[in-house]
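The sequence shown: position 117 = 117 (UniProt numbering), numbered continuously.
Before any comments, here is the structure.
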Amino acid sequence: MNINNKLNHAIVAIGITLVCGCTSAGRDDLTGGKPASTSTEIESVDWPMHGNDVYEQRYSVLSDINTDNVSKLGLAWFHDLPEDRGQEATPIVIDGVIYTTSAWNHVHAFLAETGEVLWEYDPKVPKSTGVKGCCDAVTRGLAYHDGGVYLATLDGRLIALDAKTGGMRWSVNTVDSSLNYTITGAPRVAKGKVFIGNGGAEYGVRGYITAYDINSGDLVWRFYTVPGTNNHETGTEPQDLMDETWSKGNSSLEKGGTVWDTIVYDPDTNSLLFGVGNGSPWNPNIRSPGGGDNLFLSSIVSVDADTGKYKWHYQTTPGEAWDFTATQPIVLANINIDGLDRKVAIQAPKNGFLYVLDRTNGKLISAEKFVDVNWASHIDKSTGRPVINPDAQYWKTGKPALVKPSWMGGHNWHPMAFDPNSNTLYIPAQNTSFPYLAEDEQTPSKLAVNLGVDTKAANLPDNPKVIAAVKDATSGSLLARNVLTGEDLWQVEYPGVWNGGVLATKGGLVFQGSATGYVNAYNSKNGHLLWRFNAQTGVVAPPVTFKVNGQQYIAVNAGWGGIMPLMTGVLTQDAAQGYPVNKSRLLVFKIGGHTNLPDDKRATLEIQASTLLGDPAAITKGFEIYDRYCINCHGAGAVGGGVIPDLRFSGFNRAPNAWLSVVRDGILESRGMVSYKDELSDEDIESVRQYILERAKYAKDSGDNERPAR
Numbered sequence: 001m002n003i004n005n006k007l008n009h010a011i012v013a014i015g016i017t018l019v020c021g022c023t024s025a026g027r028d029d030l031t032g033g034k035p036a037s038t039s040t041e042i043e044s045v046d047w048p049m050h051g052n053d054v055y056e057q058r059y060s061v062l063s064d065i066n067t068d069n070v071s072k073l074g075l076a077w078f079h080d081l082p083e084d085r086g087q088e089a090t091p092i093v094i095d096g097v098i099y100t101t102s103a104w105n106h107v108h109a110f111l112a113e114t115g116e117v118l119w120e121y122d123p124k125v126p127k128s129t130g131v132k133g134c135c136d137a138v139t140r141g142l143a144y145h146d147g148g149v150y151l152a153t154l155d156g157r158l159i160a161l162d163a164k165t166g167g168m169r170w171s172v173n174t175v176d177s178s179l180n181y182t183i184t185g186a187p188r189v190a191k192g193k194v195f196i197g198n199g200g201a202e203y204g205v206r207g208y209i210t211a212y213d214i215n216s217g218d219l220v221w222r223f224y225t226v227p228g229t230n231n232h233e234t235g236t237e238p239q240d241l242m243d244e245t246w247s248k249g250n251s252s253l254e255k256g257g258t259v260w261d262t263i264v265y266d267p268d269t270n271s272l273l274f275g276v277g278n279g280s281p282w283n284p285n286i287r288s289p290g291g292g293d294n295l296f297l298s299s300i301v302s303v304d305a306d307t308g309k310y311k312w313h314y315q316t317t318p319g320e321a322w323d324f325t326a327t328q329p330i331v332l333a334n335i336n337i338d339g340l341d342r343k344v345a346i347q348a349p350k351n352g353f354l355y356v357l358d359r360t361n362g363k364l365i366s367a368e369k370f371v372d373v374n375w376a377s378h379i380d381k382s383t384g385r386p387v388i389n390p391d392a393q394y395w396k397t398g399k400p401a402l403v404k405p406s407w408m409g410g411h412n413w414h415p416m417a418f419d420p421n422s423n424t425l426y427i428p429a430q431n432t433s434f435p436y437l438a439e440d441e442q443t444p445s446k447l448a449v450n451l452g453v454d455t456k457a458a459n460l461p462d463n464p465k466v467i468a469a470v471k472d473a474t475s476g477s478l479l480a481r482n483v484l485t486g487e488d489l490w491q492v493e494y495p496g497v498w499n500g501g502v503l504a505t506k507g508g509l510v511f512q513g514s515a516t517g518y519v520n521a522y523n524s525k526n527g528h529l530l531w532r533f534n535a536q537t538g539v540v541a542p543p544v545t546f547k548v549n550g551q552q553y554i555a556v557n558a559g560w561g562g563i564m565p566l567m568t569g570v571l572t573q574d575a576a577q578g579y580p581v582n583k584s585r586l587l588v589f590k591i592g593g594h595t596n597l598p599d600d601k602r603a604t605l606e607i608q609a610s611t612l613l614g615d616p617a618a619i620t621k622g623f624e625i626y627d628r629y630c631i632n633c634h635g636a637g638a639v640g641g642g643v644i645p646d647l648r649f650s651g652f653n654r655a656p657n658a659w660l661s662v663v664r665d666g667i668l669e670s671r672g673m674v675s676y677k678d679e680l681s682d683e684d685i686e687s688v689r690q691y692i693l694e695r696a697k698y699a700k701d702s703g704d705n706e707r708p709a710r
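This is the structure in structure tokens:
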């Protein structure tokens with residue numbers, strides 16, 4: 001049964017005709033320079049901040065582990081984490097203690113040498129919160145300051161804990177809990193304040209960033225990133241500047257623009273820089289039908305850290321329409337360009353261009369592609385704006401547009417690393433594409449994403465050759481680029497996307513985990529693989545390094561997860577990727593470590609497909625409903641990605657009443673599967689079951705009917 005036949009023909013056609021336009025731009029302003037002079041290096045034994053130092057470069061001057069001895073690196077100890085969901089957190093290491101968060105915001109404190117658990121804290125986030133999140137029950141870390149540990153929870157709380165005991169100092173709710181806000185980003189601490197944003201743009205919320213007093217949790221200032229639709233509260237943002245870039249939308253949704261990840265404090269200018277996300281919905285015809293840049297969507301914004309007052313902004317994607325967020329990590333640096341010392345901010349956002357900005361005023365220095373890009377030919381240096389390919393403007397043409405990169409981005413949240421001695425940036429890059437097709441009439445829902453885009457395009461046809469071609473065109477890499485010259489020094493290719501964050505060290509090493517389940521160490525000069533460790537699960541979090549009693553360690557949270565495996569299991573669940581599944585652990589390595597992980601013995605699941613299928617109309621209806629409500633967690637085409645149960649293998653789908661008890665009655669709400677009775681009728685729910693059965697039968701008939709158990 002070919003549900004997507006019409007759309008597939010369109011995708012093939014636009015794939016042939018859409019212009020790639022891979023012109024480079026802006027390189028001249030970075031040539032003719034020299035490496036930045038570095039200050040005297042002081043060997044820090046800790047990893048005290050999210051990005052190690054205040055510039056968030058994720059570069060360590062520790063070098064006891066180096067190119068000569070990294071082959072002797074071994075596992076010192078490990079700790080099984082309590083929830084087998086995506087692990088994205090950066091550990092913090094202070095005075096021989098590792099502080100880290102895991103899925104559902106559990107906090108752990110360990111003796112760094114031995115792994116002894118000092119304390120653990122569970123904020124008891126309701127599992128039902130998961131339905132508000134686009135991208136798994138993840139957290140990217142916590143902050144530390146003067147004996148305090150600060151975390152943000154998926155359900156919107158900001159909590160201060162005592163670092164010695166794990167006891168709560170204070171807690172504040174940062175969001176309206178009646179709306180679909182979530183928090184997955186790590187807080188930042190500076191100037192006596194804790195800074196945090198939020199997520200939820202796909203669910204129709206209004207983005208903002210807030211500063212709280214570090215001692216009391218009192219709100220100090222708040223900056224809204226977009227004008228309000230229903231919520232007309234104001235903060236420190238420049239309302240007039242924003243308002244003139246919007247027209248009245250055709251939706252009751254708020255406009256998005258969430259600050260869901262990167263926040264960095266610039267001590268040189270006393271500024272807080274943060275990245276702003278996509279619009280709600282993606283489709284500008286609904287969000288702002290009169291056009292406009294829609295500030296501050298997809299922008300890097302600088303404000304006064306003390307007051308929140310606006311200083312400057314740079315918009316990477318004006319009028320954003322492809323989920324091209326600017327929330328990806330921002331690295332600060334001081335680089336000598338043409339004899340002038342420049343204070344710069346560096347970002348490789350989703351849209352595929354690498355930006356270097358003057359962080360004193362937001363002016364563009366350089367912008368050039370680092371992955372395949374076809375939505376724009378280049379960035380106009382005179383205006384700082386992209387020159388957009390008209391064929392990529394799906395909301396204007398009314399036709400599907402196969403756009404590169406996709407909503408997954410040329411680079412997503414996975415942190416980069418920057419070596420200030422060589423001006424080399426190490427980027428976890430990925431080549432992706434997606435066929436965007438406007439859906440101008442879409443009823444807003446609290447239990448579904450609101451994109452204004454036909455997400456049925458994410459469902460690949462039942463054609464092995466087409467699936468193989470899409471997989472071949474979807475790849476990941478570790479890219480080493482000289483930020484000063486724009487030269488690509490080397491590139492390590494991976495069979496798929498969604499590989500881990502990066503750590504660079506003075507020992508001549510670059511560490512990165514992979515979706516295929518390894519922690520890797522590369523020579524920073526040439527990209528040669530020097531060491532690898534089988535983590536038994538996809539590794540997406542960034543490694544850190546520290547020193548205790550004269551011994552250098554490497555630590556990383558391992559655990560496959562996030563939006564890529566949730567939504568696009570069809571691209572990750574194959575032999576080349578090793579069928580990654582989640583097994584969540586903190587892994588700590590040292591030279592001479594000799595601990596072994598337990599044998600990775602997993603049962604094999606086999607589809608028990610029913611031969612009693614409903615009529616084609618019911619299956620088609622089920623596909624439409626599944627695509628709106630279920631795809632974000634259970635995957636396009638009902639193909640699971642190794643994190644949440646694959647519904648094709650579920651016993652519930654073979655019993656109509658059992659299926660109703662889950663989807664309508666919410667008997668699994670304590671595990672995150674809420675009731676959909678307010679959105680779907682019994683007939684709707686049964687049609688989804690019929691669609692799942694049809695997908696299960698197809699998988700079984702095609703021989704793709706086994707998976708390792710989670």
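Note that the Cβ used here is the ideal one computed from N, Cα and C, for glycine as well.
What are the start and end residues of the alpha helix (DSSP H) that includes residue i?
i	result
glutamate 694	682-701
arginine 287	284-287
tyrosine 144	No alpha helix (DSSP H) holds tyrosine 144; the beta strand (DSSP E) holding it covers 143-145.
valine 470	464-472
tyrosine 314	Segment 310-315 is the beta strand (DSSP E) holding tyrosine 314; no alpha helix (DSSP H) there.
Tell me which residue opens and which closes the beta strand (DSSP E) that residue i is part of.
i	result
tryptophan 659	Careful: tryptophan 659 lies outside any beta strand (DSSP E), inside the alpha helix (DSSP H) at 656-663.
aspartate 304	299-304
alanine 333	330-337
tryptophan 170	168-173
glutamate 116	Where glutamate 116 is concerned, there is no enclosing beta strand (DSSP E), given that its DSSP letter is neither H nor E.
glutamate 254	Unbroken run through glutamate 254: none, as it is neither H nor E.
glutamate 606	604-606
Let's test the definition: count the other Cβ atoms within 10 Å of the Cβ of residue i and tell me whether it reaches 16, buried, or not, exposed.
i	result
aspartate 462	buried
alanine 603	exposed
lysine 465	exposed
isoleucine 607	buried
threonine 234	exposed
methionine 49	buried
glutamate 237	buried
histidine 145	buried
threonine 114	exposed
glutamate 706	exposed
aspartate 600	exposed
histidine 528	exposed
residue 734	The chain is shown only over 1 to 710; residue 734 falls outside these bounds and no answer can be derived.
DSSP three-state label for residue i, please.
i	result
aspartate 627	helix
lysine 506	coil
proline 444	coil
methionine 567	helix
aspartate 419	strand
histidine 634	helix
serine 280	coil
leucine 241	helix
isoleucine 183	coil
tyrosine 224	strand
leucine 647	helix
tryptophan 77	strand
lysine 399	coil
phenylalanine 324	coil
glycine 21	No answer about glycine 21 holds up, because its pLDDT of 38 lies below 50 and its placement is not dependable.
leucine 127	It is lysine, not leucine, that sits at residue 127 in the sequence shown. Helix, per DSSP.
Contact between the segment 106-118 and the segment 583-602 (3+ Cβ pairs under 8 angstroms): yes
Three or more C-beta pairs below 8 angstroms linking the segment 691-698 and the segment 610-625: yes
Touch test, the segment 371-378 against the segment 286-305, Cβ-Cβ under 8 angstroms, three pairs minimum: no
At least three beta-carbon pairs within less than 8 angstroms, the segment 178-190 to the segment 127-139: yes
Three or more C-beta pairs below 8 angstroms linking the segment 504-511 and the segment 468-475: no
3 or more residues per run - each beta strand (DSSP E) lying fully within the segment 343-386: 353-358, 364-369, 376-380
Those runs of the beta strand (DSSP E) which lie wholly inside the segment 478-502 and span at least 3 residues: 488-494
Cβ contact check for the segment 700-709 and the segment 619-634: 3 or more pairs under 8 angstroms: no
Inter-stretch contact (C-beta, 8 angstroms, three-pair minimum) for the segment 166-177 and the segment 205-220: yes
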